[in-house]
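Below: one structure, written as structure tokens.
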Amino acid sequence: MFSLGMSPSNYPLFDKPDVWNNFALQRASQGLLSLFLSLKQTPIITRYEANSNMAYQLAKELNYQIGFESSLFSFKNSDPQPVLLILDRKNDPVTPLLKQWTYQSMIHDLFGINNGRVDLSRAPNIKPEYKEIVLSTENDDFFNKSMRLNFGDLGVSIKNYVNAFQDASKSTQKLDSIDDMKKFVENYPEFRKLSGNVSKHVTLVSELSRVVNERSLLYVSELEQSLACDSNNQFDEHMKQLGEMICNSKIRSEEKVCCTLLFLLRYEKSPNIANASNFLKQELLKQHVSQDSIDMIDVVLMYASYKFRQGDLFNNDNIFSRGKQALKRGLQGVENVYTQHTPFYVDNLVKLIKENKPNSKTEQLFKLLPTNNSENAASKLSYKTRNRIVIVFFIGGITYSEHNDITKIKSQLGSDYGINLIVGGTSIINSNMFLQNLNDSFFS
0 MFSLGMSPSN YPLFDKPDVW NNFALQRASQ GLLSLFLSLK QTPIITRYEA
50 NSNMAYQLAK ELNYQIGFES SLFSFKNSDP QPVLLILDRK NDPVTPLLKQ
100 WTYQSMIHDL FGINNGRVDL SRAPNIKPEY KEIVLSTEND DFFNKSMRLN
150 FGDLGVSIKN YVNAFQDASK STQKLDSIDD MKKFVENYPE FRKLSGNVSK
200 HVTLVSELSR VVNERSLLYV SELEQSLACD SNNQFDEHMK QLGEMICNSK
250 IRSEEKVCCT LLFLLRYEKS PNIANASNFL KQELLKQHVS QDSIDMIDVV
300 LMYASYKFRQ GDLFNNDNIF SRGKQALKRG LQGVENVYTQ HTPFYVDNLV
350 KLIKENKPNS KTEQLFKLLP TNNSENAASK LSYKTRNRIV IVFFIGGITY
400 SEHNDITKIK SQLGSDYGIN LIVGGTSIIN SNMFLQNLND SFFS
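Taken in order, the sequence shown gives residues 0 to 443; the numbers are from numbering that gives the first Met the number 0.
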């Protein structure tokens with residue numbers, strides 16, 4: 000996964016609705032051109048979401064720059080040549096609003112990962128050496144193996160590591176919980192010395208566990224997943240559950256706002272949504288949620304309501320889609336209630352690759368190579384060719400969840416499609432960053 004590191008402080012994305020800030024457009028195009036040069040590959044076709052003027056602007060700018068700097072891109076492309084797909088975050092505002100439950104995703108969601116560093120300086124009773132933790136897949140074997148594990152499997156993985164040292168040290172101390180493991184590590188400094196990475200992760204997982212419990216995130220996540228994934232219309236029941244959560248003093252304002260947003264996005268076509276929206280905002284205000292946070296609700300709806308999205312994000316419009324989703328979950332099962340959601344782009348990308356042509360929701364620009372014209376490029380394109388690179392770029396940021404679901408995409412495609420997926424975005428976001436990106440833009 001790659002990120003161009005475009006934050007609101009250095010590269011605000013928007014100039015006006017669905018129009019790039021000029022500096023941000025230059026940064027995005029330069030970043031992708033640098034990626035092409037590093038791969039020594041030029042996309043034969045660029046596809047972009049049809050409802051996104053920003054995706055079109057970026058595709059057009061890339062096409063122009065590759066032609067203008069043709070000498071830089073004169074290297075011989077491998078066969079098959081790569082394809083670029085440009086997506087717009089506004090078509091899936093749900094994924095960044097959800098709580099995450101795989102290790103790397105959780106860390107970024109709850110603490111933030113900035114250039115591979117995690118700031119734990121505000122954690123209570125944190126040891127000085129763990130106030131900042133460095134995460135690296137290259138130099139940290141445990142993290143490399145565990146970063147996509149769900150939180151339950153992660154605890155088992157760490158316990159196995161600690162148990163191995165306990166056996167070697169002949170200790171009989173109980174290790175039934177994360178807290179037990181943390182105390183064991185503190186009591187055996189030589190463990191930290193011999194297995195520094197694991198002790199670092201014991202500390203990190205202990206802190207994640209504390210935050211999950213203190214903020215009642217399991218409870219929050221269950222409601223989030225129901226709002227995002229339930230195939231039935233449960234307006235009244237979801238309204239009741241959300242009202243109860245808003246009045247729960249243990250839940251932070253950020254989670255209350257995210258769940259309110261999910262509800263309003265899910266039911267925005269309901270005839271009762273205006274009254275529900277006003278009621279929920281008043282309840283948030285009564286619970287001392289700041290007015291700025293409440294105002295963010297309208298900002299997100301202005302950015303990503305159904306009027307500006309394409310596709311049926313919640314499968315609300317089509318009874319056959321709802322039935323398909325329910326059947327899919329019933330047949331395949333769900334890993335657990337907290338990880339039901341699949342990012343919107345997964346099924347869309349699979350469909351696009353299988354159909355091998357743009358539809359009403361995607362458009363394309365052809366890379367005009369000196370030896371090929373666009374018609375030949377289109378007619379010869381086949382995703383069943385082994386090792387074709389597909390680059391997916393998210394305007395507005397990508398989540399770790401969307402990166403993790405590369406395995407789902409390959410599973411749905413099957414063995415007939417030997418593609419290599421490279422995913423990235425203007426930044427790697429969590430829920431706070433997603434909202435902040437919009438708050439610091441022209442929308443506010």
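Ideal Cβ positions, reconstructed from N, Cα and C, are used throughout, including at glycine.
query: Going by C-alpha distance, which of Asp235, Arg147, Asp179 and Ile405 is nearest Pro270?
result: On the sequence shown, residue 270 is found 271 positions in, with the first residue counted as 1. The shortest C-alpha separation from Pro270 is found at Asp235.
query: With burial defined as no fewer than 16 other Cβ atoms inside 10 Å of the residue's Cβ, what is the status of Phe142: buried or exposed?
result: To locate residue 142, count along the sequence shown from 1; it is residue 143. With 16 or more other Cβ atoms inside 10 Å of its own Cβ, Phe142 counts as buried.
- prompt: Of all Cβ atoms in chain D, is any one closer than 8 Å to the Cβ of Asn9?
  reply: Absent here is chain D; the protein component of the structure consists of one chain.
message: With three or more C-beta pairs closer than 8 Å as the rule, is the region 82 to 102 touching the region 386 to 402?
response: yes
field: Nearest residue (CA-CA) to Glu253, options Gly396, Pro123 and Asn431
entry: Taking the first residue of the sequence shown as 1, we reach residue 253 at position 254. With distances taken between Cα atoms, Glu253 lies closest to Asn431.
message: Looking at Ile272: is its Cβ nearer than 8 Å to the Cβ of Val201?
response: Your numbering for residue 272 matches position 273 in the sequence shown. Your numbering for residue 201 matches position 202 in the sequence shown. Contact: no.
task: Spell out the partners DSSP gives Asp415 in its beta bridges.
output: Reading the sequence shown from its first residue, position 416 is the one you call residue 415. BP columns for Asp415 are empty, so no partner.
Status (buried if at least 16 other CB within 10 Å, exposed otherwise) for Arg46: Start at 1 with the first residue of the sequence shown, and residue 46 comes out as number 47. Counting Cβ neighbours within 10 Å, Arg46 comes out buried, since at least 16 surround it.
- prompt: Taking the alpha carbon of Glu243 as the point to measure from, which residue in Ser33, Leu283 and Gly310 has its own alpha carbon closest?
  reply: Within the sequence shown, numbered from 1, the residue matching residue 243 stands at position 244. When each option's Cα is compared against that of Glu243, the closest is Leu283.
query: Under the rule that 16 or more other beta-carbon atoms within 10 Å means buried, what is Tyr63, buried or exposed?
result: For the purposes of this step, residue 63 is taken as the residue at position 64 of the sequence shown. Its Cβ having fewer than 16 others within 10 Å, Tyr63 is exposed.
task: Excluding the 5 residues preceding and the 5 following Asn436 in the sequence, name in chain order all residues of the same chain whose CB lies nearer than 6 Å to its CB.
output: Here residue 436 is taken as the residue at index 437 of the sequence shown, counted from 1. Excluding residues within five positions, the ones whose Cβ falls inside 6 Å are Pro7.
field: Closest residue to Ile132 among Ser198, Met238, Ser104 and Lys306 (Cα-Cα distance)
entry: The residue you call residue 132 lines up with position 133 of the sequence shown. The option with the nearest alpha carbon to Ile132 is Ser198.
message: So, at 7 Å on beta carbons, what are the nonlocal neighbours of Ala58 in its own chain, with the 5 sequence-adjacent residues on each side left out?
response: Along the sequence shown, one-based indexing puts residue 58 at 59. Cβ within range, chain order: Thr45, Tyr47, Ile85 and Leu364.
- prompt: Which residues bound the beta strand (DSSP E) around Ile462?
  reply: Only positions 0 to 443 of the chain appear in the structure, and residue 462 is not among them; the question remains open.
field: Alpha-carbon spacing of Leu222 relative to Gln80, whole angstroms
entry: By 1-based counting over the sequence shown, the position of residue 222 is 223. By 1-based counting over the sequence shown, the position of residue 80 is 81. When rounded, the distance between both Cα atoms is 43 Å.
query: For the alpha helix (DSSP H) that contains Thr259, what are its first and last residues?
result: For the purposes of this step, residue 259 is taken as the residue at position 260 of the sequence shown. Element bounds for Thr259: Ser252 to Arg265.
- prompt: DSSP three-state call for Tyr305: helix, strand or coil?
  reply: Taking the sequence shown and counting its residues from 1, the one referred to as residue 305 is at position 306. Of the three classes helix, strand and coil, the one that applies to Tyr305 here is coil, per DSSP.
task: Pick helix, strand or coil for Leu84, following the three-state DSSP scheme.
output: Sequence index remark: in the sequence shown, residue 84 carries index 85 (1-based). Correct three-state label for Leu84: strand.
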